[in-house]
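Engineer: Residue numbers (our numbering), protein chains in the order written: chain A, 1 to 368; chain B, 369 to 736. Below: one structure in C-alpha cells.
There are 2 protein chains.
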Amino acid sequence: MHELEIKVPASQPGSYKVAIGTGLLPSLWPQIKAAFGHRRPFVITDANVAAAGHLDALLGSRPAPQFVIDPPGEGSKNIATAVAIVEAMEKAYLGRDTLVVALGGGTVGDMAGFAAAIFKRGVPVVQIPTTTLAQGDSAIGGKTGVDSSVSKNAFGAFWHPAAVYIDVAAVQTLDERQYRSGLVESVKHAMIADADYFEFIEQQMDALLARRTDVLETLARFNCTIKGRVVEADPDEQNQRRMLNYGHTIGHAVESASNYQLLHGEAIAIGIIAAGYIEIEMGLSEPGRLERVTALLERLGVPTKMPADLDNRQLIDLLKHDKKAVDRWPRFILLDRLGHIHCPHGQYATDVDRTIVEQVLNSITGNR
Amino acid sequence: MHELEIKVPASQPGSYKVAIGTGLLPSLWPQIKAAFGHRRPFVITDANVAAAGHLDALLGSRPAPQFVIDPPGEGSKNIATAVAIVEAMEKAYLGRDTLVVALGGGTVGDMAGFAAAIFKRGVPVVQIPTTTLAQGDSAIGGKTGVDSSVSKNAFGAFWHPAAVYIDVAAVQTLDERQYRSGLVESVKHAMIADADYFEFIEQQMDALLARRTDVLETLARFNCTIKGRVVEADPDEQNQRRMLNYGHTIGHAVESASNYQLLHGEAIAIGIIAAGYIEIEMGLSEPGRLERVTALLERLGVPTKMPADLDNRQLIDLLKHDKKAVDRWPRFILLDRLGHIHCPHGQYATDVDRTIVEQVLNSITGNR
C-alpha cells in the first residue's frame, strides 16, 4: 500500500468593512459599484422590504437582476427558496463574477448568504440589513442557515460577507412587533459580553422604543463590536463562538414548536429566560439577575413565558435534533454573571442533565 | 457614519492522507473507526456500487446508517438528491459529529461531498472511490458540484476530504464502457502535467485495459501526485487549478447537450480533441501532437468526434452558461506542448474568439 499526503494550505486572512449610519441607502449603490466594480450584482430581497420602499431607495431607476422572496419571512427560509434563487441567477446568465447583494432582514440575509455560498462553488455577498434583528446580529458573522422539512438550519455554510452596510433609518418601516422582537439579540449580546451595554439598553429603552437613530447607531456599534470580536476569535465556531447561541438552544426549539407563530426574537427571549432558570438550577445565578433580565424583556414587550399550547415532549424531541447535539442531546450556553459566559475547563458549552431541562420547561410554561 | 473592520482570520492549514492499494476494502472500516472514532459515520453510496458488493465488503455485517442513491448515475447528481440525503441524515438524528463516508464513483463523491459541506454548516467526508473516474480524479481535490434544472454543477462547494482510500481492486466490477471512459481524466492529467506519464499510458495501454492492478496502482500514484500538487498550490481555483479543466469547457457542454447519453469521460475526450483543434488555430500545436492524442483516445475506445445529432447552437448557449464564464463567454485551458499548459501573462486560462470555437465545433462534428 502506498500513502500520499495532500496539503490543504491555510486560506488568506481577510477582513470586511461594517459601515453604520442613518440614511445611507440612497447613496449606497454607487459605493458598492465602486468597491466591487468588476462584479455583476444580483439583488436578493423580499416582498416586505420592496413594499417598504427600500429596494427603490437602493436602486433608484437603475436596472439590476433580482429575486424578491415572496411570501417574506421564516416560512420561505427553506431549501426550495435557495434552489429557486440559484436557478434565477443561472437564468440571468450570471457566472462566478456575481456579487450577491442581500437587502432585508434575517431571512433574506441567510438565504442570500447561503445561495452565494453554494452558487458555482461560491461568490461574494454584501449584506444590507434592514431590520433590528439583522442589523443587531445576523448580517455579520458569516453564518447562514436554511431549513429543511425536518428541522431548522439543517442546511448552511459559513460564508463571511464581503461588506456590511447598516442604515439604521431602514428600521423605521418595521411593524412594532418585528422591531421589538429584533432587539432581543442586542439584549443577548449585552448579557454575554458587556454588563455596561446591558445598562445602556436599560437606560435608553424609551429612546430605543421611539426608534431614535442616534441610540440605534450606538446600539449597532455595540453589537458589531461584540459580535465581531467573538467571530474574529473563532470564525468557524470551534468553541468561543458558541456563546452567541445563548438562549438559542431552547429558543430554536420553541420557535419551531410554535410553527413560527413566534418570531425569532420572541422565541429567543423565552430561551433566555429558560437559560436563566437553568443557571439557577446549576448554581450559576446572581441575586436578582433573572428578575432584571425578565424586567428588561417585559419592557421590550416580548414573551417571557412558554406559550401554554406548546408540547414539552415535542420540545425535548426538537432538542435532540439540535445541530450542536452530540449523542442526541445538546449542551447549553450559560452565564455565571451578567456579561460573562460560564466556561468550565475552557469550554463555552455546558452539560446540563435532561431532567433539569424538563423541569425548567415545565416551570416556565404559562397556565395549562 | 461609523466604520468598523471585522477580521476573518486565516483557516488552519491541514492535510489529508491518500492510501492506494489492492483489496483494501474489507479491512477499511476498522481503519476509519480508528482514525475518526469520535464521529458517527453515515455511508453514501449508489445502487450499482451496492449491487457490485462493495458496500458489503466495506461494512460486513456492521450496521451503519446509509443512503443508497437510486437510480445511480449522473441523472441523480442533482439538488433534489442532495436535499434527500441531508434529510436522511437528520432523520437518523445525526449531528455535527457526523462523518460522511462516500463509497462509489464520481456522482456519489460529488453528492456526498456537497451534502457534507452543507449539512449543519459542514461535517467531514471520507472518500472511497470505486471507479476509474473517481480514483483518477474526482475523489481528491475537494471540488463538489451538483446540477440544477438549468445547468451542470450550478450548485457546489470546495470541501476537502478528511481522507481518501483508493482500492484499485474495486474497478474490476465496472462495465467496460464506464471503465474506459473513466481513464480519460488520467490521460488529461498526463497531458497537462507530465509527458512521461503520457508515454507510460501509451506503453501500458494493454495492461491497463486488462485491469492489471499493479499498473492501476501506478496510475493512481501519478494521478494523485499531479492533482495533489495542483490543488496544494491553488485549492480554491484562483488560477493554476484551472489547468485541471483542460478539455472540460467544451466537454461539459457536450455532456449536457447529449442529455448525459455520453459518459463524463467520453464527453471530456471530445473536449480534449476540440482543445487540440483550438490549439492549432491559436498557433499552439506541435507537429503530430493531436494525432498522438487522438490515437491514444481511440485505443481507449472513447469518442473523438462530436456526435452528429448535437446542435452546435445549443453547445454555444451552454458555453455561455459555463460557471467560469465572464461576460457570457468562458476562457479555455490550452496546451503549448504535451505536459505543459499555455500560460500567457501567468494566466492559466486563455481568451479564444467565439468564431474560432464555432469553426472547431463544426470541424470535429461527425457526418451531418
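Backbone N, C-alpha and C fix where the C-beta goes; we use that ideal spot for every residue, glycine too. On a predicted model such as this, the values are computed, not experimentally measured, just so you know.
#1: Just the Cα atoms here: how many angstroms apart are His528/B and Thr144/A?
#2: Tell me which residues share the same chain as Met573/B and place their Cβ nearer than 7 Å to its Cβ, disregarding the 5 neighbours each side in the sequence.
#3: Span of the beta strand (DSSP E) holding Gln571/B?
#4: Among Ala253/A, Lys324/A and Ser15/A, which has the Cα closest to the Cα of Met306/A?
#5: Could you confirm whether any beta carbon from chain B is found closer than 7 Å to the beta carbon of Asn367/A?
#6: From the beta carbon of Ser506/B, is the nearest beta carbon of chain A less than 7 Å away?
#7: Closer than 7 Å by beta-carbon distance: list the chain A residues that pair up with Ile374/B, in chain order.
#8: May I have the straight-line CA-CA distance separating Arg221/A from Leu262/A, to the nearest angstrom?
#9: Leaving out five residues on either side along the sequence, give the residues of the same chain with a beta carbon under 6 Å from the beta carbon of Leu665/B.
#10: Determine, using beta carbons only, whether Ala693/B and Gly95/A come nearer to each other than 7 Å.
#11: Does the pairing of the region 5–25 of chain A with the region 542–560 of chain B give three or more beta-carbon distances under 8 Å?
#12: Taking Ile437/B as the reference, give the member of Val417/B, Asp505/B and Gly639/B with the closest Cα.
#13: Using the three-state DSSP reduction, which class does Ile701/B fall into: helix, strand or coil?
#14: Taking only beta-carbon positions, decide if Arg1/A is within less than 7 Å of chain B.
#15: Give the range of the beta strand (DSSP E) segment to which Val101/A is assigned.
#16: Leaving out the 5 sequence neighbours to the left and right, which residues in its chain are closer than 7 Å to Ala538/B when beta-carbon positions are compared?
#17: Using a Cβ cut-off of 7 Å (strictly closer), state whether Tyr628/B contacts chain A.
#18: Select from Asp137/A, Gly105/A, Thr98/A and Tyr165/A the residue whose C-alpha is nearest the C-alpha of Ile118/A.
#19: Could you tell me the boundaries of the beta strand (DSSP E) in which Ser363/A lies?
#20: Under 6 Å Cβ to Cβ from Thr495/B, same chain only, skipping five residues before and after it: list those, please.
#21: Pick from Glu279/A, Tyr93/A, Asp311/A and Pro287/A: whose alpha carbon is nearest that of Ile356/A?
#22: Check whether the Cβ atoms of Ile201/A and Ile341/A sit closer than 7 Å, and answer yes or no.
#23: Is the beta carbon of Phe482/B sitting closer than 7 Å to the one on Ala456/B?
#24: Consider the Cβ of Ala115/A: report whether some Cβ of chain B lies at a distance smaller than 7 Å.
#25: Measuring CB to CB, does Leu244/A end up less than 7 Å from Arg289/A?
#26: Is the Cβ-Cβ distance between Gly473/B and Leu501/B less than 7 Å?
#27: How big is the Cα-Cα spacing for Ala387/B and Pro492/B?
#28: Quick check on Ala34/A: buried or exposed, where buried means 16 or more other Cβ atoms within 10 Å of its Cβ?
#29: Note down, in chain order, every chain B residue with its Cβ under 8 Å from the Cβ of Pro129/A.
#30: Please list, in chain order, all residues of the same chain as His557/B whose beta carbon is under 6 Å from its beta carbon, the five residues on each side excluded.
#31: To the nearest angstrom, report how far apart Pro428/B and Ser383/B are at their CA atoms.
#32: What residues in the region 436–468 of chain B bring their beta carbon closer than 8 Å to a beta carbon of chain A?
#33: Is the region 571–587 of chain B close to the region 596–607 of chain B, with three or more CB pairs under 8 Å?
#34: Measure how close the beta-carbons of Leu683/B and Leu729/B come, nearest whole angstrom, since I'm counting them as under 8 Å.
#35: My guess is that Leu310/A and Ala274/A are in contact by the Cβ rule of under 8 Å, so how many angstroms apart are they, rounded?
Structural biologist: On the basis of the data shown:
#1: Residue numbering aside, residue 528/B sits at position 160 when the second sequence is read from its first letter. Residue numbering aside, residue 144/A sits at position 144 when the first sequence is read from its first letter. Roughly 20 Å separates the two Cα atoms.
#2: Translated into the one-based positions of the second sequence, residue 573/B becomes position 205. Result list for Met573/B: Arg667, in chain order.
#3: To locate residue 571/B, count along the second sequence from 1; it is residue 203. Here Gln571/B belongs to no beta strand (DSSP E); instead the alpha helix (DSSP H) covers Ala563 to Leu577.
#4: Within the first sequence, the letter at position 306 stands for residue 306/A. Closest by alpha carbon: Ala253/A.
#5: Within the first sequence, numbered from 1, the residue matching residue 367/A stands at position 367. In this predicted model, Asn367/A has a pLDDT of only 47, less than 50, meaning its place in the structure is not dependable; the value taken from the coordinates is given anyway. With 7 Å as the cut-off, Asn367/A does not count as an interface residue toward chain B.
#6: In the second sequence, counting from the first residue as 1, residue 506/B sits at position 138. It does not; no Cβ of chain A falls within 7 Å.
#7: By 1-based counting over the second sequence, the position of residue 374/B is 6. Ordered by position in chain A, the residues that pass the 7 Å Cβ test against Ile374/B are Ser15, Tyr16, Val18, Ile140, Gly228, Val231 and Glu232.
#8: As a first step, residue 221/A must be located in the first sequence, where it is residue number 221. As a first step, residue 262/A must be located in the first sequence, where it is residue number 262. Just so you know, the alpha carbons of Arg221/A and Leu262/A end up roughly 27 Å apart.
#9: Against the second sequence, residue 665/B aligns to sequence position 297. These residues qualify, in order along the chain: Ala637 and Thr672.
#10: Position 325 of the second sequence, counted from the start, is the residue given in the question as residue 693/B. Position 95 of the first sequence, counted from the start, is the residue given in the question as residue 95/A. Yes, these two residues count as a Cβ contact at 7 Å.
#11: No, because fewer than three Cβ pairs between the region 5–25 of chain A and the region 542–560 of chain B fall closer than 8 Å, the two stretches do not touch.
#12: In the second sequence, counting from the first residue as 1, residue 437/B sits at position 69. With distances taken between Cα atoms, Ile437/B lies closest to Val417/B.
#13: Here the question's residue 701/B lines up with position 333 in the second sequence. Coil, per DSSP.
#14: Here the question's residue 1/A lines up with position 1 in the first sequence. First, the amino acid is wrong: residue 1/A is Met here, not Arg. At a cut-off of 7 Å between beta-carbon atoms, Met1/A makes contact with chain B.
#15: Here residue 101/A corresponds to residue number 101 of the first sequence, with the count starting at 1. Here the beta strand (DSSP E) through Val101/A covers Thr98 to Gly104.
#16: Within the second sequence, the letter at position 170 stands for residue 538/B. Same-chain partners within the cutoff: Leu393, His422 and Thr498.
#17: Taking the first residue of the second sequence as position 1, residue 628/B is located at position 260. No, because no Cβ of chain A sits closer than 7 Å to the Cβ of Tyr628/B.
#18: Numbered from its first residue, the first sequence carries residue 118/A at position 118. Ranked by how close their Cα comes to the Cα of Ile118/A, the residues Asp137/A, Gly105/A, Thr98/A and Tyr165/A have Thr98/A in first place.
#19: Counted from its first residue, the first sequence places residue 363/A at position 363. Counting along the chain, Ser363/A falls outside any beta strand (DSSP E), though it belongs to the alpha helix (DSSP H) covering Arg354 to Ser363.
#20: Sequence index remark: in the second sequence, residue 495/B carries index 127 (1-based). Residue identity check: residue 495/B is Gln in the sequence provided, not Thr. Around Gln495/B: Ala470, Gly477, Ala507, Pro529 and Val532.
#21: On the first sequence, position 356 is the one that residue 356/A refers to. Nearest option by C-alpha distance: Glu279/A.
#22: Numbered from 1 along the first sequence, position 201 holds the residue referred to as residue 201/A. Numbered from 1 along the first sequence, position 341 holds the residue referred to as residue 341/A. Taking 7 Å as the cut-off, the beta carbon of Ile201/A is found no closer than this to the beta carbon of Ile341/A.
#23: Taking the second sequence and counting its residues from 1, the one referred to as residue 482/B is at position 114. Taking the second sequence and counting its residues from 1, the one referred to as residue 456/B is at position 88. No, the Cβ-Cβ distance between Phe482/B and Ala456/B is not below 7 Å.
#24: On the first sequence, position 115 is the one that residue 115/A refers to. No, because no Cβ of chain B sits closer than 7 Å to the Cβ of Ala115/A.
#25: For the purposes of this step, residue 244/A is taken as the residue at position 244 of the first sequence. For the purposes of this step, residue 289/A is taken as the residue at position 289 of the first sequence. Using a Cβ distance threshold of 7 Å, Leu244/A and Arg289/A do not count as a contacting pair.
#26: For the purposes of this step, residue 473/B is taken as residue 105 along the second sequence, with counting starting at 1. For the purposes of this step, residue 501/B is taken as residue 133 along the second sequence, with counting starting at 1. Yes, these two residues count as a Cβ contact at 7 Å.
#27: Residue numbering aside, residue 387/B sits at position 19 when the second sequence is read from its first letter. Residue numbering aside, residue 492/B sits at position 124 when the second sequence is read from its first letter. Rounded to the nearest angstrom, the two C-alpha atoms are 17 Å apart.
#28: As a working mapping, residue 34/A is identified with position 34 in the first sequence. Counting every other CB atom within 10 Å of its CB across the protein chains shown gives Ala34/A a total below 16, marking it as exposed.
#29: The residue you call residue 129/A lines up with position 129 of the first sequence. None at all; the shortest Cβ gap to chain B is about 14 Å.
#30: Here residue 557/B refers to the residue found at position 189 when the second sequence is read from its first residue. Here His557/B has Asn591 and Ile594 as same chain residues with Cβ atoms under 6 Å from its own Cβ, once five neighbours each way along the sequence are excluded.
#31: Working through the second sequence from its first residue, we reach residue 428/B at position 60. Working through the second sequence from its first residue, we reach residue 383/B at position 15. The sequence as given places Gly at residue 428/B; Pro does not occur at that position. Spanning the two alpha carbons is a distance of roughly 29 Å.
#32: Listed in sequence order: Ile447, Val451, Val454, Glu455, Glu458, Lys459, Tyr461, Gly463, Arg464 and Asp465.
#33: Fewer than three pairs of CB atoms, one per stretch, sit closer than 8 Å, so the region 571–587 of chain B makes no contact with the region 596–607 of chain B.
#34: The sequence position of residue 683/B within the second sequence is 315, counting from 1. The sequence position of residue 729/B within the second sequence is 361, counting from 1. Leu729/B and Leu683/B do touch by the CB rule: their CB atoms are close to 6 Å apart, below 8 Å.
#35: The residue labelled residue 310/A in the question sits at position 310 within the first sequence. The residue labelled residue 274/A in the question sits at position 274 within the first sequence. Distance from Leu310/A to Ala274/A at the Cβ level is roughly 12 Å; contact not present, criterion being Cβ atoms closer than 8 Å.
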